[in-house]
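Remarks on the structure that follows.
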Amino acid sequence: MKQKLLIGLAILASSLTSQAQTPGKIAQTAQVLLPNGWKLSPAGTSLPLGDLPLNIQLSTSGKMLAVTNNGQSTQSIQLIDPKNEKLLDEKVVAKSWYGLAFSSDDKKLYASGGNDNWIYVFNIANNKLGTPDTIRLAPDKWPKNKVCPTGITVNKADTRLYTVTKEDSLLYIVDPKQAKTLKTVKLPAEAYACTLSPDEKTLYISLWGGDKLGIYNIITNKLSTINTESHPNELLLNKKGTILYVANANDNSVSVINTVTHKTLENITTALYPTHLTGSTTNGLALSADEKTLYIANADNNCLAVFDVTKAGSARSLGFIPVGWYPTNIKMLGKKIIVSNGKGFTSMANPLGPQPMLKTDNSGYKQGAINSKEQYIGGLFKGTLSFINTPNPIQLKAFTKQVYANTPFNNAKAKTAPGETGNPIPRRMGEKSPIKYVFYIIKENRTYDQVLGDMPQGNGDTSLCIFGKKTTPNHHAIANEFVLLDNFYVDAEVSADGHNWSTAAYATDFVEKTWPTSYGGRGGNYDFEGTRKAAYPRDGFIWDYCKRAGVSYRTYGEFVTDGNPGKASLKALEGHYCKQSPGFDLNVKDIKRVQIWAHDFDSLLAINAVPKFNSVRISNDHTSGQHKGSISPTAAVGDNDQAIGQFIEHLSKNPIWKESVVFILEDDAQNGPDHVDAHRSPVFVAGPYVKRNTVIHGMYSTSGVLRTIELILGLPPMSQYDAAAMPLYDCFTATPNLTPYITKPAQVDLEQRNVAVNESSKRSAMFNLAKEDAAPDIDLNEVIWKFVKGETAVMPAPKRSAFVILEPKKEEDDD
């Protein structure tokens, strides 16, 4: 009988009263507070790895452990001595993605070559990796052939190699000695991992994009499938091959499958609380040597869940172990637990130390950052390898307590937000709010310091402010007239995950693990705004939640494909979008976007049909860099500023203003420097129930904005992240002020074009500006900096912290 096992640990619910947070390293507990409000306190010892280690594999002898680093910057294959916890060798590779397998004699290591569409074959001698040979799976690399091998496994005789793919959804059966593909088998969806049964007669395949397990009979060449939960990824067989564990990333669960009967015995729920909310991101599995204990990596909970699986079908929760940021894989060596942490961690005594990212780009197209090897947490986010001795029951109890202390989410918060009675923002779903209409504007890629760093009442750095009051008079006026928030952080790194975090309070493991490939110039499409089902959260986006709740909604350019007219990228948006409102297109001025919105809004207002939720794309602050002939960066941001001002003015002069609120944020903050953290970004809130002339230093996030919107509209949380996030209660007052907003005139030439021919314009000419972030983020920001400051000016390096620190400030009123 299929059953759902919930972790039943008695945990006291945290207080629901709002308390001041102190971001940064907490000296008393050695925790590190992340920009999203979650904390880290990794157990064990550690070893620095490369950028985004997605997979680790132990050799048959256990003397070597291989790591594949698949991030946006330098990609590499590393060889580790797991006993002595030291690096043996490292080979930088052009492309890689997840797949790793040792030959049974430990003499060869096979690794996926990603969108080069081949398998690397490394000969191993004296604990060193030789120059790799390659097994080609396709005649050409991306984009001519789209393959991208993912999981790899080989038989004991090293005569057959099996690899599955995520771009052409095939199983490739290869003769590794002849470097020849013998057969391909079509799979029903994108694949992640594959593993052979002990008798080598069956291959199990996780169908990542299909919510199924593929079972390939090697003898009969037949493929069958059984259902799993959402986003199956990692696979683990017991020694006898009778039990298969399948991690389901989108479902916070592990399916336990009897391989004889092909029946699911149970689904183990790995979340910290009994919850249906996605957000644990289960994606790593390991069994103890006696196979009585199962360790499960929860990537987005930054922990391992530990279960007693002595009796198959009757798993029992034992507790949790704190690890680093976004654990991706686990292996067991004797009693040592080995964990790859995809985004690393820090225990540095000086968490405000600089973290520069160096980048070379000789082609003008994104090639990925090249991080100097001596930088432990330099670059985007360096991964780490944790070594943890198997805890005894007392130690595990202490670890479990620590994991709960690191976690802001709990079921009480999901039901009742920690707000204040009488605030216009309700505390519970279904409570009434005087605000009826939400307008949610999503912009592109700016940091706080870039735009608002010149506001003396906020925590800004004027030296980094290149789009100050002269360029953005309306951004400054809105912050002055309503609320200035100087401690707001986006949950994303780039637009790929940014548009997901901004509309679902979550980015799936598919999004998190694939965007670094395309952002590193290593092939792959921009499939992150509704154009690929594998990227979808299990329960959809905010528009899906509106649809299920009967809340009217409409989108203007957000999750709309290019074209005139555009098309909705999601089924839920069909019939709920403005066809004239363009998607991402830097050739369309933001002022024009607002004119299109205003015309549509007025027509709906005339028939009393304005939707309760309106998502609006106003995105030219992305800029085109110094691309010759394009609108200059200053003009592009100035256009964006005028559009924002005109939007709020138009709304504020209409009768529904009295029941409206406007939220404005960036999808990410990747294209700019900030003296606090690269996630810090401007956010704006405007409306009659929004406080006036107020500065707020409280820590907020993208998910907190979404939680605020949900409470207004009567929607449930979409993930553990928005359920845990602090709503923006401090921005609101129960006494409305209906004073309309008046647009501040532009102080820069909105028609200014890039005319200079210089090194920056030449670099800009190589940028792909047809899609968000198709141009290299650091390069684009550098040419913008040089446009504003001068061609010889040196741009400060962006700060990519895994933590945030601010001196706590008392909230004040500027009146």
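Per the working numbering, the very first residue in the sequence shown carries number 280; after that it's consecutive. Virtual Cβ for every residue (Gly too), placed ideally from N, Cα, C. No experiment lies behind these values; they were computed from the predicted model shown.
Can you name the residues that DSSP bridges to residue i?
| i | result |
| --- | --- |
| Ser-532 | Asn-527, Thr-548 |
| Asn-496 | Thr-481, Lys-501 |
| Trp-397 | Arg-415 |
| Glu-945 | Lys-722 |
| Thr-368 | The identity of residue 368 in the sequence shown is Asp, whereas the question assumes Thr. Beta-bridge pairing links Asp-368 to Leu-358. |
| Gln-336 | Ala-345 |
| Ala-877 | DSSP, once it has assigned bridges, lists no residue as partnering Ala-877. |
| Arg-959 | Tyr-768 |
| Lys-610 | Ile-617 |
| Gly-563 | Ala-576 |
| Val-433 | Leu-440 |
| Asp-587 | Thr-572, Arg-595 |
| Cys-857 | For Cys-857, which the question treats as bridged, DSSP gives no partner whatsoever. |
| Asn-668 | Lys-615 |
| Leu-852 | Partner(s): none; Leu-852 has no beta bridge. |
| Leu-486 | Lys-491 |
Please classify residue i as buried or exposed, where buried requires at least 16 other C-beta atoms within 10 Å of its C-beta.
| i | result |
| --- | --- |
| His-958 | buried |
| Ala-565 | buried |
| Gln-457 | exposed |
| Ser-338 | buried |
| Ser-882 | exposed |
| Glu-853 | exposed |
| Asp-454 | exposed |
| Glu-1030 | exposed |
| Asn-405 | exposed |
| Asp-841 | exposed |
| Pro-670 | buried |
| Ser-742 | exposed |
| Lys-610 | buried |
| Pro-302 | Its pLDDT being 44, under 50, Pro-302 is placed unreliably in this model, and the coordinates cannot settle the point. |
| Arg-595 | exposed |
| Val-371 | exposed |
Excluding the 5 residues flanking residue i on each side, which residues of the same chain have their C-beta closer than 6 Å to its C-beta?
| i | result |
| --- | --- |
| Glu-369 | Ser-355, Gln-357 |
| Pro-633 | Residue confidence is low: Pro-633 scores 23 on pLDDT, short of 50, so the model does not pin down where it sits. Its coordinate-derived value is still stated next. No residues qualify anywhere along the chain. |
| Leu-440 | Val-433, Val-453, Pro-455 |
| Ala-771 | Gly-777, Trp-780, Asp-947 |
| His-755 | Lys-748 |
| Cys-857 | Tyr-835, Asp-879 |
Looking only at its own chain, which residues have a Cβ that is under 7 Å from the Cβ of residue i, when we skip the five neighbours before and after it?
| i | result |
| --- | --- |
| Val-762 | Val-964, Val-969, Lys-970, Thr-973, Ile-975, Cys-1010 |
| Val-525 | Ser-485, Leu-492, Thr-507, Pro-511, Leu-514, Val-533, Ser-534, Ile-536 |
| Thr-686 | Trp-317, Leu-551, Asn-580 |
| Asn-562 | Asn-512, Glu-513, Ala-526, Ala-528, Ala-576, Ala-578, Thr-607, Asp-788 |
| Ala-813 | Glu-469, Trp-487, Gly-488, Phe-789 |
| Gly-737 | Leu-731, Leu-763, Asp-765, Val-974 |
CB-CB under 8 Å to residue i, same chain, minus the five flanking residues each way: which ones, in chain order?
| i | result |
| --- | --- |
| Asn-496 | Lys-480, Thr-481, Leu-502, Ser-503 |
| Phe-718 | Asn-893, Val-895, Phe-926, Leu-930, Ser-939, Val-940, Val-941, Phe-942 |
| Leu-994 | Met-708, Ile-821, Tyr-824, Cys-825, Ala-828, Val-830, Ile-988 |
| Val-464 | Leu-449, Leu-450, Ile-452, Tyr-495, Asn-500, Leu-502 |
| Ser-294 | Its pLDDT being 30, under 50, Ser-294 is placed unreliably in this model, and the value from its coordinates should be taken loosely. Correct list, in chain order: Pro-697. |
If residue i sits next to residue j, beta carbons under 8 Å apart, how far is it from one beta carbon to the other, in whole angstroms?
| i | j | result |
| --- | --- | --- |
| Pro-1019 | Ser-931 | 4 Å |
| Thr-347 | Asn-334 | 5 Å |
| Asn-919 | Pro-967 | Not a contact, Cβ separation roughly 24 Å. |
| Pro-816 | Thr-557 | 6 Å |
| Asp-385 | Met-343 | 7 Å |
| Gly-603 | Phe-624 | 4 Å |
| Ile-886 | Tyr-716 | Rounded, the Cβ-Cβ distance is 15 Å, inconsistent with contact. |
| Pro-332 | Gly-800 | No, Pro-332 and Gly-800 are not in contact; Cβ-Cβ is about 20 Å, not under 8 Å. |
| Ser-982 | Ala-758 | Actually they do not touch by this definition, with Cβ atoms about 21 Å apart. |
| Ser-998 | Arg-725 | Their Cβ separation, rounded to whole angstroms, is 25 Å, which puts Ser-998 and Arg-725 out of contact at 8 Å. |
Which residue comes first and which comes last in the alpha helix (DSSP H) that contains residue i?
| i | result |
| --- | --- |
| Asn-406 | Run containing Asn-406: none; DSSP gives neither H nor E here. |
| Ser-476 | Per DSSP, Ser-476 belongs to no alpha helix (DSSP H) and is neither H nor E. |
| Pro-795 | 788-798 |
| Phe-678 | 672-685 |
| Ser-774 | 774-783 |
| Asp-916 | Per the sequence presented here, residue 916 reads as Val, with Asp not at that position. That run of the alpha helix (DSSP H) goes 912-931. |
Looking at the unbroken beta strand (DSSP E) that takes in residue i, where does it start and where does it end?
| i | result |
| --- | --- |
| Arg-896 | 892-896 |
| Val-602 | Element bounds for Val-602: n/a, residue is neither H nor E. |
| Gly-329 | 324-330 |
| Tyr-389 | 387-391 |
| Asn-512 | 511-516 |
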